[in-house]
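Novice: Everything in the sequence shown is counted per the UniProt record's numbering, starting at 1 for the first residue and increasing by one.
Virtual Cβ for every residue (Gly too), placed ideally from N, Cα, C.
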Amino acid sequence: MTNVSTTDVKHVSDIVQVLNSGIEFYSDAKEKVDNPQLTQFFDRMINARKTVKQKLQPFAIAEEGKVEQGSAFTVEVRNIYTKIIGSMSSDKEHTYISQLEEVEDKTLEEIRTALHKKQPVDCEAALLSALATMQECHDEMRALKRSS
C-alpha cells in the first residue's frame, strides 16, 4: 500500500464494521441451522467477508489510526431481531437467509457510499474488488432466498 494520509481514506472503517457484523451474524446463523449444505454456504460467505476485510483493513487503519474491530449497529439490531423471529418461526432457515440477504444489501450500500467519495487510487481499487466479491455473495444469497 502506498503512503496514505488519514484524511485521504473515507468510510472504509464503516465497511469493515459491517463486514465484522456480517461475519458474526453468519457464524451465529451457521450454528442455528441443521442443513449441512447451508452451513457450507454460510462458511463461504464468512470466508469471502474475511478476505474483503483483510484487503480493506489497511485503509481502515489509515483512516482511523487503528485496526477496526467494531461492528455496525444496524447489522447487530438485525441479528437480534432474527434471533427473536427465528426462535418463534417454524422455518428458521428461511428467516436467517432472508435477514442475511439484507446484511448483504447493507454491505453493498456501504461500499458504494465509499466509492462515491474521492479515495486514493489503491483504496479505490481495493473497494472495487470488494464490491465485485460482495456483489457475488449478494447474488448467491438472493438466489438462495428465492429457492428457499
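#1: Ser71 by DSSP, collapsed to three states: which one?
#2: Specify the secondary structure class of Lys92 as computed by DSSP and reduced to three states.
#3: Check whether the Cβ atoms of Thr107 and Val18 sit closer than 8 Å, and answer yes or no.
#4: Would you say the region 37-45 touches the region 120-132, given that touching needs at least three Cβ pairs under 8 Å?
#5: To which residues of the same chain is Val16 closer than 7 Å at the C-beta, ignoring the five residues directly before and after it?
#6: Considering only C-alpha positions, which residue in the set Val33, Asp28 and Lys145 is nearest to Ile97?
#7: Taking only the alpha-carbon atoms, compute the straight-line gap between Val12 and Asn35 and give it to the nearest angstrom.
Specialist: Reading off the structure:
#1: Position 71 of the sequence shown, counted from the start, is the residue given in the question as residue 71. If DSSP states are grouped into helix, strand and coil, Ser71 belongs with coil.
#2: Mapped onto the sequence shown, residue 92 falls at position 92. DSSP places Lys92 in helix when its eight states are reduced to three.
#3: As a working mapping, residue 107 is identified with position 107 in the sequence shown. As a working mapping, residue 18 is identified with position 18 in the sequence shown. Yes, the Cβ-Cβ distance between Thr107 and Val18 is below 8 Å.
#4: The answer is no - the region 120-132 does not touch the region 37-45, with fewer than three Cβ pairs under 8 Å.
#5: Position 16 of the sequence shown, counted from the first residue, corresponds to residue 16. Here the set comprises Lys53, Leu56, Gln57, Ala60 and Glu68.
#6: By 1-based counting over the sequence shown, the position of residue 97 is 97. It is Lys145.
#7: The count along the sequence shown starts at 1 and reaches residue 12 at position 12. The count along the sequence shown starts at 1 and reaches residue 35 at position 35. Going by the C-alpha atoms only, they are around 34 Å apart.
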